[in-house]
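See structure below.
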Ligand code: GDP
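In the working numbering, the protein residues as written are 17 to 482.
Right, here's the structure in full:
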């Protein structure tokens, strides 16, 4: 499962930069780096966790090719728990690749994606929740997402899981005391105590699982599409939401031919907003490609901001928009409220749409945006607006990953099985099987119970060098 060879990778993003870091981890890390790094002081004087300057010598000719820094982090006090050597180089991509090659020629193996973090997990430096949180921290694109990643990394969810496990272990031990002495029939009050303990643990697990829908929103953002016919003000609205001039605003209909994507915070809710090509029936081939993309954005969107032009009468293109948003979560927006009004809202509402009247805005002047932001938040959070943080002893802990949700749900299901078995008078050793299954499902979250398959799934999304 765990190969104890020495791995190496460029830990910084590809391309040019101020510095680039090559990370080497494993028993041979120091020996390998010694072949190419010439410190200003002698190797014998190098301490762990200190930064040393020196030169990189090209191999095999020994010619210096870079000034560099070296940090040694000796086992077990390192990220992976193994010996780590980190070379800090000038961030040229050719230079960095060349030095990595030399490192590999000295006996290191190229690291797989996430392999450093996987080793950290296998060596007990991080549990599985924390390893996943490393990836979340790297991908976080809003304050709340960052905060949630940090909470996981600092062990909030792990502690909650460990508390649930403790409670389950206590109940298993209690139950097993009765199994060991079968001649003693289980007293009525003990059975009730067990049953109510199971159900209380189960409802706490369920409350934790229920935080997922909100957690996911903060981690990934809500996929949102702005749609409407050409020139209705889609790019202007995206600019307002994003507070930038990224989308090109023009007076020629059909200019936003590609799909633009922007991460924005709307009243604290992260949205990944797509401004799309205006949807209308057209014969222009290029415009058609844009419209195809818009339609696929609509399919993928969790929320749609459907824009209508209040200064133009409702027409067949607007009717097309109404058709496309059927069955989706959407917010109706009437734009250009500053111009003479020629749009009859009744047409919109008659078009088989079961909805509130559109909010009126003037994207050009930013009017009506506060109400729009409120409405977006309302539609985004839906019923989860209250009690979103979860109840019970683990209040404040929010889960963000489907893997955790599934494991919690399975744990709750097994507990339910135990409750039903107890009520039905099943043999206690069968009830105990369900309890232990519940315990295992919780263990899967932190990695106390793991398999190669689970680990592969967790680490496959990591970048090389992490
Ligand atoms: P898109 O094709 O839907 O992306 O529309 P744009 O955002 O490019 O806007 C098209 C035109 O409408 C531009 O000239 C904008 O300045 C104008 N526009 C957008 N919003 C408003 C508004 O609220 N009032 C007025 N009067 N013009 C607007």
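The beta carbon of each residue, even a glycine, is placed where N, CA and C say it ideally should be.
Under DSSP, the beta strand (DSSP E) around residue i begins and ends at which residues?
i, result
"residue 70", "67 to 73"
"residue 142", "Residue 142 -> no beta strand (DSSP E), and no H or E assigned at all."
"residue 25", "23 to 26"
"residue 35", "33 to 41"
Along the chain, where does the alpha helix (DSSP H) that runs through residue i open and close?
i, result
"residue 387", "385 to 397"
"residue 120", "109 to 121"
"residue 433", "418 to 439"
"residue 87", "Residue 87 -> not in any alpha helix (DSSP H); beta strand (DSSP E) instead, spanning 80 to 89."
"residue 331", "Per DSSP, residue 331 belongs to no alpha helix (DSSP H) and is neither H nor E."
"residue 50", "45 to 50"
"residue 245", "No alpha helix (DSSP H) holds residue 245; DSSP gives it neither H nor E."
"residue 250", "250 to 258"
"residue 452", "444 to 462"
"residue 63", "Element bounds for residue 63: n/a, residue is neither H nor E."
"residue 473", "468 to 475"
"residue 165", "159 to 169"
In or out: residue i buried (at least 16 other Cβ within 10 Å) or exposed?
i, result
"residue 246", "buried"
"residue 230", "buried"
"residue 17", "Reliability of the predicted coordinates at residue 17 is poor, the pLDDT of 49 falling under 50, and the value obtained from them is presented with this limitation in mind. Label assigned to residue 17: exposed."
"residue 83", "exposed"
"residue 65", "exposed"
"residue 305", "exposed"
"residue 379", "buried"
"residue 255", "buried"
"residue 285", "buried"
"residue 351", "buried"
"residue 315", "exposed"
"residue 137", "buried"
"residue 36", "buried"
"residue 86", "buried"
"residue 21", "exposed"
"residue 57", "exposed"
"residue 394", "exposed"
"residue 299", "exposed"
"residue 194", "buried"
"residue 403", "Any answer about residue 403 is weak, because its pLDDT of 41 lies below 50 and its placement is not dependable; what the coordinates show is given next. Exposed, since its Cβ has fewer than 16 Cβ neighbours within 10 Å."
"residue 13", "For the chain, the structure presents residues 17 to 482; residue 13 sits outside this window and is missing."
"residue 376", "buried"
"residue 467", "exposed"
"residue 374", "buried"
"residue 308", "exposed"
"residue 97", "buried"
"residue 391", "buried"
"residue 253", "buried"
"residue 11", "Since the first residue of the chain shown is 17 and the last is 482, residue 11 is not available in this structure."
Taking the DSSP output, what are the residues bridged to residue i?
i, result
"residue 288", "239 and 279"
"residue 55", "70"
"residue 351", "325"
"residue 346", "320"
"residue 125", "23"
"residue 378", "383"
"residue 102", "39 and 87"
"residue 480", "129"
For chain D, check one thing: does any of its Cβ atoms lie closer than 9 Å to the Cβ of residue i?
i, result
"residue 309", "The displayed structure is made up of one protein chain only, and chain D is not part of it."
Notebook entry, point to check: Which parts of the segment 184 to 238 are runs of the alpha helix (DSSP H), unbroken and 4 residues or longer, counting only runs that do not cross its ends?
Noted result: 204 to 225 and 228 to 236
Check: So, do the segment 165 to 173 and the segment 292 to 302 have three or more beta carbon pairs nearer to each other than 8 Å?
Finding: no
Next item on the list: For the segment 117 to 126 and the segment 140 to 148, state whether three or more C-beta atom pairs, one from each stretch, are separated by less than 8 Å.
Entry: no
Next item on the list: Decide yes or no for the touch test of the segment 150 to 165 against the segment 222 to 237: beta carbon pairs closer than 8 Å, at least 3 of them.
Entry: yes
Note to self: Check whether the segment 461 to 481 and the segment 20 to 33 are in contact - that is, three or more C-beta pairs closer than 8 Å.
What the structure shows: yes
Notebook entry, point to check: Would you call the segment 123 to 135 and the segment 457 to 476 touching, i.e. three or more CB-CB distances under 8 Å?
Noted result: yes
Checklist line | At least three beta-carbon pairs within less than 8 Å, the segment 347 to 363 to the segment 379 to 392 | finding: yes
Notebook entry, point to check: Three or more beta-carbon pairs under 8 Å between the segment 356 to 363 and the segment 410 to 422, yes or no?
Noted result: no
Check: Is the number of C-beta pairs between the segment 185 to 193 and the segment 414 to 429 that are closer than 8 Å three or more?
Finding: No, because fewer than three Cβ pairs between the segment 185 to 193 and the segment 414 to 429 fall closer than 8 Å, the two stretches do not touch.
Notebook entry, point to check: Touch check for the segment 171 to 183 and the segment 445 to 452: three-plus C-beta pairs under 8 Å?
Noted result: no
Next item on the list: Evaluate the contact criterion for the segment 238 to 252 versus the segment 322 to 329: three or more CB pairs, one atom per stretch, below 8 Å.
Entry: yes
Check: With a cut-off of 8 Å, do at least 3 Cβ pairs link the segment 325 to 336 to the segment 209 to 225?
Finding: Contact fails: fewer than three Cβ-Cβ distances are below 8 Å.
Next item on the list: Evaluate contact between the segment 425 to 438 and the segment 447 to 465, counting only Cβ atoms and requiring at least three cross-stretch pairs below 8 Å.
Entry: yes
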